[in-house]
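Here it is, written out as structure tokens:
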């Protein structure tokens with residue numbers, strides 16, 4: 001038998017449309033697939049992969065309740081003896097639990113037009129042999145999932161920063177690819193950061209640092225699309241990065257130094273700008289009103305603070321959002 005099998009005029013159904021392609025099989029791997037040539041495929045699998053190729057019927061009843069099974073790196077959802085769908089657990093980026101509920105969040109693919117962001121599983125409030133089914137489900141997922149974990153040494157740590165949303169005081173640990181809020185255990189990959197804003201407070205003695213997120217972070221059933229930090233303009237800090245000088249210079253090419261000092265909000269601004277690799281939107285050189293850099297607006301019966309920037313009009317802190325001036 002040939003070492004390689006090729007099939008032309010093969011079509012794949014993707015989101016309701018048919019895409020033509022070729023199927024090529026070799027000892028190194030498989031590109032595409034086609035069920036119409038089952039016997040050839042079966043023989044090839046037996047010869048080169050020593051695997052039995054089997055047909056499996058999928059359930060198309062449209063029900064949303066069934067049985068979850070864990071096998072290897074897969075989570076399978078079955079109705080009766082028929083498979084509905086499978087989830088590679090390596091695609092799971094986060095697993096959180098609630099009352100009778102488990103939420104799975106997935107890694108994003110920037111090249112995909114349609115993404116599955118999250119999936120929720122509900123479990124009836126029953127216990128078998130004293131085992132909580134929600135915790136057991138979550139542990140099965142986490143044992144195989146590719147979850148971002150705050151392990152190793154952080155590049156730097158900002159202690160007890162005041163956060164308006166989600167409200168509280170957090171130690172923010174800065175890692176090379178994500179930041180970690182210690183206190184509520186939020187882990188935010190830099191790839192989920194859309195925009196960074198540095199905005200003045202209405203009293204002109206404080207500053208907002210706003211991080212726009214997509215997907216948002218969650219606390220219970222509440223989603224936070226913005227992480228809002230509040231700083232005093234007079235608070236300063238001396239900061240030493242947990243890296244040697246050669247490594248700092250090689251990695252950040254002069255944009256950061258091992259030892260930093262200055263106002264706290266400026267240090268957070270500088271570190272985040274370099275690590276996240278996003279432009280900081282601020283008031284910049286825009287002309288300011290005679291009474292200060294901010295304005296007051298009555299929006300839906302509530303008094304809001306409005307800060308104009310080159311990108312738009314920003315309302316903060318109660319319901320931070322950006323309205324493009326265009």
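In full-length UniProt numbering, the protein residues as written are 1 to 326. Note that the Cβ used here is the ideal one computed from N, Cα and C, for glycine as well.
In terms of residues, what are the limits of the alpha helix (DSSP H) holding residue 269? Working through the chain shown from its first residue, we reach residue 269 at position 269. Here the alpha helix (DSSP H) through residue 269 covers 264-276.
Quick one, which of 277, 101, 94 has its alpha-carbon nearest residue 132's? Counting from 1 along the chain shown, the entry for residue 132 is found at position 132. The shortest Cα separation from residue 132 among 277, 101, 94 belongs to 101.
Straight-line gap, residue 103 to residue 229 (C-alpha atoms, nearest Å): As a first step, residue 103 is located in the chain shown; it is residue number 103 there, counting from the start. As a first step, residue 229 is located in the chain shown; it is residue number 229 there, counting from the start. Between residue 103 and residue 229, the C-alpha separation is close to 27 Å.
Tell me the residue span of the beta strand (DSSP E) that contains residue 120. Here residue 120 refers to the residue found at position 120 when the chain shown is read from its first residue. 118-122 is the extent of the beta strand (DSSP E) around residue 120.
Closest by C-alpha distance to residue 105, when choosing among 47, 117, 112: Reading the chain shown from its first residue, position 105 is the one you call residue 105. Among 47, 117, 112, the Cα nearest to that of residue 105 belongs to 117.
Is the segment 176-191 touching the segment 237-247, taking contact as three or more C-beta pairs under 8 Å? no
Give me the Cα-Cα distance between residue 4 and residue 175, rounded to the nearest whole angstrom. Residue mapping note: residue 4 aligns to position 4 of the chain shown, counting from 1. Residue mapping note: residue 175 aligns to position 175 of the chain shown, counting from 1. Taking the straight line from one Cα to the other gives about 45 Å.
Whole angstroms are fine: how far does the CA of residue 46 sit from the CA of residue 35? On the chain shown, residue 35 is found 35 positions in, with the first residue counted as 1. On the chain shown, residue 46 is found 46 positions in, with the first residue counted as 1. With a pLDDT of only 48 at residue 35, under 50, the local geometry of the prediction cannot be trusted, and no value is derived from it.
Strictly by DSSP, which residues pair up with residue 76? Locating residue 76 in the chain shown gives position 76, counting from the first residue. According to DSSP, residue 76 bridges with 69, 86.
Can you tell me whether residue 114 is helix, strand or coil according to DSSP? In the chain shown, the residue the question calls residue 114 occupies position 114. Three-state DSSP puts residue 114 in coil, outside helix and strand.
Distance, Cα to Cα, residue 10 vs residue 41? Here the question's residue 10 lines up with position 10 in the chain shown. Here the question's residue 41 lines up with position 41 in the chain shown. Looking at the two C-alpha atoms, the distance is approximately 14 Å.
Cβ-based neighbour list, residue 96, same chain, cut-off 6 Å, excluding 5 preceding and 5 following: Reading the chain shown from its first residue, position 96 is the one you call residue 96. Excluding residues within five positions, the ones whose Cβ falls inside 6 Å are 103.
Would residue 194 pass as a contact of residue 231 if the rule is Cβ separation under 8 Å? Locating residue 194 in the chain shown gives position 194, where the first residue counts as 1. Locating residue 231 in the chain shown gives position 231, where the first residue counts as 1. For residue 194 and residue 231, no; Cβs fall outside 8 Å.
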